[in-house]
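Here is the structure we will look at.
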Amino acid sequence: MPRKVTHALRSDARDNRDRLLDTARALFSVEGLTVPMREVARRAGVGPATLYRHFPTKEALVTAAFEDQLRACRDIIDEACADPDPWRGLCQVIERICVLHAQDRGFTEAFLSAYPRAFTAAVGHGHMLEAIADLAGRAKRTGRLRPDFVPDDLVLMLLANKGLQTASPTARPAASRRFAAYVIQALTHGPHNTPLPPPARLATPEPGRGRARGREDRA
Numbered sequence: 001m002p003r004k005v006t007h008a009l010r011s012d013a014r015d016n017r018d019r020l021l022d023t024a025r026a027l028f029s030v031e032g033l034t035v036p037m038r039e040v041a042r043r044a045g046v047g048p049a050t051l052y053r054h055f056p057t058k059e060a061l062v063t064a065a066f067e068d069q070l071r072a073c074r075d076i077i078d079e080a081c082a083d084p085d086p087w088r089g090l091c092q093v094i095e096r097i098c099v100l101h102a103q104d105r106g107f108t109e110a111f112l113s114a115y116p117r118a119f120t121a122a123v124g125h126g127h128m129l130e131a132i133a134d135l136a137g138r139a140k141r142t143g144r145l146r147p148d149f150v151p152d153d154l155v156l157m158l159l160a161n162k163g164l165q166t167a168s169p170t171a172r173p174a175a176s177r178r179f180a181a182y183v184i185q186a187l188t189h190g191p192h193n194t195p196l197p198p199p200a201r202l203a204t205p206e207p208g209r210g211r212a213r214g215r216e217d218r219a
């Protein structure tokens with residue numbers, strides 16, 4: 001095949017992939033992850049075969065679509081862990097991640113539990129959770145973080161923060177920062193603390209959900 005033709009085909013393939021990712025990000029951000037794959041292809045102006053050639057499953061599409069946000073999350077956590085004051089670092093995680101998640105419904109759904117295996121493999125999702133747990137442990141030892149805090153409380157925070165996505169895009173960052181300030185005050189250890197109910201496991205996928213998703217991925 002002539003070199004110019006080969007280059008044109010590769011360029012077309014890159015353009016199609018970029019257009020699919022841009023379309024997926026826009027749809028997931030507003031409508032969540034329930035958007036069918038064929039709708040992503042239709043909005044991007046390509047056929048379903050082109051979509052599946054680049055992204056065989058919805059898991060692959062979601063992982064690629066949110067790679068930048070995942071990397072931003074990892075950077076936030078890495079910077080916080082490097083802070084010599086672990087309580088200040090944990091507060092920075094809460095403030096910055098709340099704002100990041102308030103802006104994108106699809107990313108919040110994906111991050112919480114929709115595709116845990118893909119996110120773990122993509123940019124160290126498991127590492128991020130372990131790093132937060134270690135940071136929280138160090139913050140407890142300073143006496144600033146209430147001793148009954150558990151990492152799943154951050155999942156609870158993100159679930160509550162997700163409700164801000166119903167507000168106007170311009171209001172979300174300010175509302176999210178205010179919400180984060182309330183969370184930080186609630187987590188601060190002091191004489192006003194009262195015992196909390198037992199923690200709930202919130203980030204574990206439902207049994208059998210992965211098998212069902214295999215059928216949904218090609219919807």
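Residues in the sequence shown are numbered from 1 upward in steps of one, following full-length UniProt numbering.
Note that the Cβ used here is the ideal one computed from N, Cα and C, for glycine as well.
Values in this document were obtained by computation on a predicted structure and should not be read as measured data.
Simplified DSSP assignment, three categories, for residue i
{"i": "Thr170", "result": "coil"}
{"i": "Thr63", "result": "helix"}
{"i": "Thr142", "result": "coil"}
{"i": "Thr57", "result": "coil"}
{"i": "Thr108", "result": "helix"}
{"i": "Thr34", "result": "coil"}
{"i": "Thr188", "result": "strand"}
{"i": "Gly163", "result": "helix"}
{"i": "Glu216", "result": "At Glu216, the pLDDT of 46 sits below 50, so the modelled position is not reliable; the number obtained from the coordinates is stated separately. Note: Glu216 maps to helix in three-state DSSP."}
{"i": "Arg194", "result": "Note that residue 194 corresponds to Thr in the displayed sequence, not to Arg. Here Thr194 sits in coil by DSSP."}
{"i": "Arg14", "result": "helix"}
{"i": "Gly47", "result": "coil"}
{"i": "Val93", "result": "helix"}
{"i": "Val155", "result": "helix"}
{"i": "Gln103", "result": "coil"}
{"i": "Asp148", "result": "coil"}
{"i": "Asp75", "result": "helix"}
{"i": "Ala200", "result": "coil"}
{"i": "Pro86", "result": "helix"}
Beta-carbon proximity check, residue i vs residue j, cutoff 8 Å
{"i": "Arg141", "j": "His189", "result": "no"}
{"i": "Asp152", "j": "Ala102", "result": "no"}
{"i": "Ile77", "j": "Ala131", "result": "yes"}
{"i": "Thr194", "j": "Leu158", "result": "no"}
{"i": "Met37", "j": "Cys73", "result": "no"}
Rounded Cβ spacing between residue i and residue j (contact assumed at less than 8 Å)
{"i": "Cys98", "j": "Ala180", "result": "4 Å"}
{"i": "Gly106", "j": "Ser176", "result": "Wrong, their Cβ atoms sit about 16 Å apart, outside the cutoff."}
{"i": "Leu51", "j": "Ala41", "result": "4 Å"}
{"i": "Leu33", "j": "Ala110", "result": "6 Å"}
{"i": "residue 222", "j": "Leu196", "result": "Nothing can be reported for residue 222, as the shown portion of the chain is limited to 1 through 219."}
{"i": "Leu112", "j": "Val150", "result": "With a Cβ gap of about 16 Å, Leu112 and Val150 do not count as contacting."}
Contact set for residue i: own chain, Cβ-Cβ below 6 Å, skip 5 residues either direction
{"i": "Gln92", "result": "Ala80"}
{"i": "Ala139", "result": "Pro86, Trp87, Leu90 and Leu145"}
{"i": "Arg53", "result": "none"}
{"i": "Leu35", "result": "In the sequence on display, residue 35 carries Val and not Leu. So the qualifying residues of the chain are Leu27."}
{"i": "Phe66", "result": "Phe107 and Ala110"}
{"i": "Gln165", "result": "Arg105"}
Residues of its chain near residue i, where Cβ-Cβ distance is below 8 Å and the 5 sequence neighbours each way are ignored
{"i": "Pro169", "result": "Gln103"}
{"i": "Thr23", "result": "Val40, Arg43 and Ala44"}
{"i": "Leu100", "result": "Gln69, Ala72, Cys73, Ile76 and Phe107"}
{"i": "Gly163", "result": "none"}
{"i": "Ser11", "result": "none"}
Beta-carbon contacts of residue i that lie in its chain and below 7 Å, excluding the five residues immediately before and after
{"i": "Glu95", "result": "Arg177 and Ala180"}
{"i": "Ala167", "result": "Ala175"}
{"i": "Asn161", "result": "Cys98, His101, Ala102, Ser176 and Phe179"}
Closer than 7 Å: residue i CB and nearest the ligand FMN heavy atom
{"i": "Leu70", "result": "In terms of ligand content, the structure shown is empty, and the ligand FMN therefore cannot be addressed."}
Could you tell me whether the stretch 132-149 touches the stretch 44-63, using the rule of 3 or more Cβ pairs below 8 Å?
No, the stretch 132-149 is not in contact with the stretch 44-63.
Are at least three pairs of beta-carbons, each pair with one atom in the stretch 42-52 and one in the stretch 14-26, less than 8 Å apart?
Contact holds between the stretch 42-52 and the stretch 14-26, because three or more Cβ pairs, one in each stretch, are under 8 Å apart.
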